[in-house]
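Take a look at the structure below.
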Amino acid sequence: NAGVTQTPKFQVLKTGQSMTLQCAQDMNHEYMSWYRQDPGMGLRLIHYSVGAGITDQGEVPNGYNVSRSTTEDFPLRLLSAAPSQTSVYFCASRAPGGAGTEAFFGQGTRLTVV
Amino acid sequence: EDQVTQSPEALRLQEGESSSLNCSYTVSGLRGLFWYRQDPGKGPEFLFTLYSAGEEKEKERLKATLTKKESFLHITAPKPEDSATYLCAVRGGGADGLTFGKGTHLIIQP
Numbered sequence: 003n004a005g006v007t008q009t010p011k012f013q014v015l016k017t018g019q020s021m022t023l024q025c026a027q028d029m030n031h032e033y034m035s036w037y038r039q040d041p042g043m044g045l046r047l048i049h050y051s052v053g054a055g056i057t058d059q060g061e062v063p064n065g066y067n068v069s070r071s072t073t074e075d076f077p078l079r080l081l082s083a084a085p086s087q088t089s090v091y092f093c094a095s096r097a098p099g100g101a102g103t104e105a106f107f108g109q110g111t112r113l114t115v116v
Numbered sequence: 002e003d004q005v006t007q008s009p010e011a012l013r014l015q016e017g018e019s020s021s022l023n024c025s026y027t028v029s030g031l032r033g034l035f036w037y038r039q040d041p042g043k044g045p046e047f048l049f050t051l052y053s054a055g056e057e058k059e060k061e062r063l064k065a066t067l068t069k070k071e072s073f074l075h076i077t078a079p080k081p082e083d084s085a086t087y088l089c090a091v092r093g094g095g096a097d098g099l100t101f102g103k104g105t106h107l108i109i110q111p
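The listed protein sequences correspond, in order, to chains H and W.
Counted from 1, the first sequence has number 82 at position 80 by our numbering; the numbering is strictly sequential.
Counted from 1, the second sequence has number 11 at position 10 by our numbering; the numbering is strictly sequential.
So, in structure tokens, the structure goes:
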């Protein structure tokens, strides 16, 4: 099993460009989520999904869109990139067996918006 | 609003010198407290889940404990390979996501 796979690993965007960060998991996990990690701050929840077709907002959703058409994939879309979205993005998934199940994280996408 | 505060922000120890990392939390309906390890350029790696006050879990040189207001990660006789950032997070009764602290950057010197 590959676990949680994120692509690309690095990306540079110009302000105003759009892009999609990809996230795929092969563990058949129902729950998936996106976080951003900035220096001096903890990881912050952007969006999450509790199953195909179901998504909801986290703590910092503005400027990001998500959709969940399959159990395996949970892409994160930046519609019009801004320098404030420069960050490291992590995708995570977990099994639905109770709220205490641990989340497994991908290796991250480092995004720079210039 | 769920909140997690970790201390210290950074800790430098000699190899073999035991210590503890602290995680204070406020949460509405705790559904789990989690400890992760993060190495530079990598994603967080799961260590422990604690559910209720009084619970303890151990793995190699690490032991995690939980009270109603805080959790401790005790590291006994650490080795240089234990150097990493240790993250504490809680899952509360709201959104299905984790609220993280800022982490403790641990350096173990040979």
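For every residue, glycine included, the Cβ atom is placed at its ideal position computed from N, Cα and C.
**OP:** With 8 angstroms as the threshold, decide whether the Cβ of W:D83 is near any Cβ in chain H.
**Re:** Locating residue 83 of chain W in the second sequence gives position 82, where the first residue counts as 1. Judged by the 8 angstroms Cβ criterion, W:D83 is not in contact with chain H.
**OP:** May I ask you to list, following chain order, the residues of the segment 92 to 109 of chain W that have a beta carbon less than 8 angstroms from some beta carbon of chain H?
**Re:** R92, A96, D97, G98, L99, T100, F101, G102, K103 and G104
Subject >> Residue span of the beta strand (DSSP E) that contains W:K64, given as start and end >> reply: If you number the second sequence from 1, residue 64 of chain W lands on position 63. Segment L63 to L67, the beta strand (DSSP E) holding W:K64.
**OP:** Kindly identify the DSSP beta-bridge partner or partners of H:M34.
**Re:** Counting from 1 along the first sequence, the entry for residue 34 of chain H is found at position 32. Beta-bridge pairing links H:M34 to H:S51 and H:S95.
Original post:
So which of W:Q15, W:S19 and W:I76 has the shortest CA-CA distance to W:Y87?
Top reply: The sequence position of residue 87 of chain W within the second sequence is 86, counting from 1. Out of W:Q15, W:S19 and W:I76, W:I76 has the C-alpha closest to the C-alpha of W:Y87.
Original post:
Between the segment 51 to 58 of chain W and the segment 9 to 24 of chain W, are three or more C-beta pairs nearer than 8 angstroms?
Top reply: No, the segment 51 to 58 of chain W is not in contact with the segment 9 to 24 of chain W.
Original post:
From which residue to which residue does the beta strand (DSSP E) around W:V5 run?
Top reply: Locating residue 5 of chain W in the second sequence gives position 4, where the first residue counts as 1. Looking at the DSSP string, the run of the beta strand (DSSP E) that includes W:V5 is Q4 to S8.
**OP:** Tell me, to the nearest whole angstrom, how far the beta carbon of H:G108 is from that of W:G44; I am working on the premise that it is less than 8 angstroms.
**Re:** Here residue 108 of chain H corresponds to residue number 106 of the first sequence, with the count starting at 1. Here residue 44 of chain W corresponds to residue number 43 of the second sequence, with the count starting at 1. 5 angstroms between Cβ atoms; contact.
**OP:** Tell me, please, whether the CB atom of H:F1 is closer than 8 angstroms to any CB atom in chain W?
**Re:** Chain H is shown only over 3 to 116; residue 1 of chain H falls outside these bounds and no answer can be derived.
**OP:** Can you tell me which of the three DSSP states H:Q19 falls into?
**Re:** In the first sequence, the residue the question calls residue 19 of chain H occupies position 17. DSSP, read as helix, strand or coil, puts H:Q19 in coil.
Subject >> H:E74 at chain W interface by Cβ criterion, 8 angstroms >> reply: Residue 74 of chain H sits at position 72 when you count from the first residue of the first sequence. Output row for H:E74: interface = no.
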